[in-house]
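Q:
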Amino acid sequence: TPARLVEMRKTQTDTKNQIGYDRHCLTTLTTEERQRRVASGEDHVIRFRIPEEQLEVAIHDVIRGDVTWDSRLLDDFVMIKSDGFPTYHLANIVDDHGMEITHVLRAEEWLPSTPRHLLLYKAFGWEPPIYAHMPMILGNDRSKLSKRHGATSALEYKENGYLPETLFNFMALLGWSLDDHTEIFSRDDLVKFFTLDHVGKAGAIFDTEKLTWMNGVYIRALSIPELASRIQPFLERPQKEGGLSDEVARPLDKDFLLHLVPLVQERLKQLSDATD
């Protein structure tokens, strides 16, 4: 029962024992009793029994190299919840296998889940994909990036005047590098040169100052007509939202915009700065 599991974990914590399912139902109930309870509609889960004969689970991660786990430190994890739905672990590997996924690139925080996934693949008799666990994106204090670091969605950055190509370039550099010095490159360059062997293991710092600097570089590279088109929505916002005075007629005159852009382009770091 849920109450017993809570008590079990509390006891394990208090006694400093390994945290995990203790196989209570497997060792104290007969097969017939377990089947009877299931047939009667009693709430239950279905767990994966960690094989006792396999003491080591190992992969060669493309980024992190050889990684091994001691299966004795794994507990019998839930595959099917009491509501009948599969857990992420089961659904994930079944979906990947069904879609014939060959490479799984995911954040390093999923690395501890990998032995469970490998054991499921083996139990089903399926070939596991190639894994590459990417470095985490961190705040300036080197903790996982979160709202308290000012993290916002890509859409919010766009609304604040950051160019899509800037965000693409900047995000690509979080954990990956083209070489030791190139920081500005096109999407086509990334597609052409990206390889996993240039992805680092260490977490990448989300440096907002660098993002803003890079945005200025991209803004200055735009043609006058292109920049005029991009800053127009920011200038035409209501005054209370950072746009020009409400006394200025909308839509703005195209000639006015084309004359304005050369005056502000060199100092812009965000498109929203055009109203300053």
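Using full-length UniProt numbering, you'd call the opening residue of the sequence shown number 1 and step up by one each time. Where is the CB? At the ideal position from N, CA and C, for every residue including glycine. Quick caveat: nothing in here was measured; it's all calculated off a predicted structure.
(1) Taking the straight line between their C-alpha atoms, what separation do you get for Ser3 and Arg37?
(2) Is Asp43 closer than 7 Å to Ser82 when the C-beta atoms are compared?
(3) Going by DSSP in three states, His60 sits in which element: helix, strand or coil?
(4) Helix, strand or coil: which one does DSSP assign to Asp273?
(5) Inspect the CB distances between the stretch 80-100 and the stretch 114-123 and report whether three or more fall short of 8 Å.
(6) Among the residues of its own chain, which have a CB less than 7 Å from the CB of Leu227, if the five just before and after it don't count?
(7) Check each candidate in Leu257, Lys269, His133 and name the one with the smallest Cα separation from Glu209.
(8) By the DSSP assignment, the alpha helix (DSSP H) with Tyr88 in it spans what residues?
(9) Pick out whichever of Ile63, Pro112, His89 has its Cα sitting closest to the Cα of Leu105.
(10) DSSP puts Leu105 in a beta bridge; with which residues?
(11) Please return the same chain residues whose Cβ sits closer than 8 Å to the Cβ of Phe194, not counting the five positions on each side in sequence.
(12) How is the beta strand (DSSP E) around Thr68 delimited, first residue to last?
(13) Work out the CA separation of Asp197 and His60 for me, nearest whole Å.
(14) Leaving out five residues before and five after Tyr157 in sequence, what residues of the same chain have Cβ atoms less than 7 Å from its Cβ?
(15) According to DSSP, what are the bridge partners of residue 279?
(16) Exposed or buried, Pro128, counting other C-beta atoms within 10 Å across all chains shown (16 or more means buried)?
(17) Thinking just about the alpha-carbon of each residue, which of Ser40, Ala58, Asp22 is nearest to the one in Phe48?
(18) Alpha carbons only, please: which of Lys254, Val199, Pro135 is nearest the one belonging to Pro233?
(19) Kindly list the residues whose CB is nearer than 6 Å to the CB of Phe170, restricted to its own chain and excluding five residues on each side of it in sequence; keep chain order.
(20) Pick helix, strand or coil for Leu74, following the three-state DSSP scheme.
(21) Taking DSSP as the reference, what is the three-state secondary structure of Val45?
(22) Measure how close the beta-carbons of Asp76 and Ile50 come, nearest whole angstrom, since I'm counting them as under 8 Å.
A: Let me spell this out:
(1) For the record, residue 3 in the displayed sequence is Ala; it is not Ser. Their backbone Cα atoms lie some 18 Å apart in a straight line.
(2) yes
(3) strand
(4) helix
(5) Contact between the stretch 80-100 and the stretch 114-123 is established, with three or more Cβ pairs separated by less than 8 Å.
(6) Ile219, Val261, Gln265
(7) Lys269
(8) 88-98
(9) Ile63
(10) DSSP lists Ala132 as partners of Leu105.
(11) Ala172, Trp176
(12) 65-70
(13) 13 Å
(14) Leu167
(15) Residue 279 lies beyond the stretch modelled for the chain, which goes from 1 to 276, so this question has no answer here.
(16) Pro128 is buried by the Cβ-count criterion.
(17) Asp22
(18) It is Lys254 whose Cα lies nearest to the Cα of Pro233.
(19) Leu211, Met214
(20) coil
(21) coil
(22) Going by Cβ atoms, the distance from Asp76 to Ile50 rounds to 6 Å, so yes, they are a contact pair.
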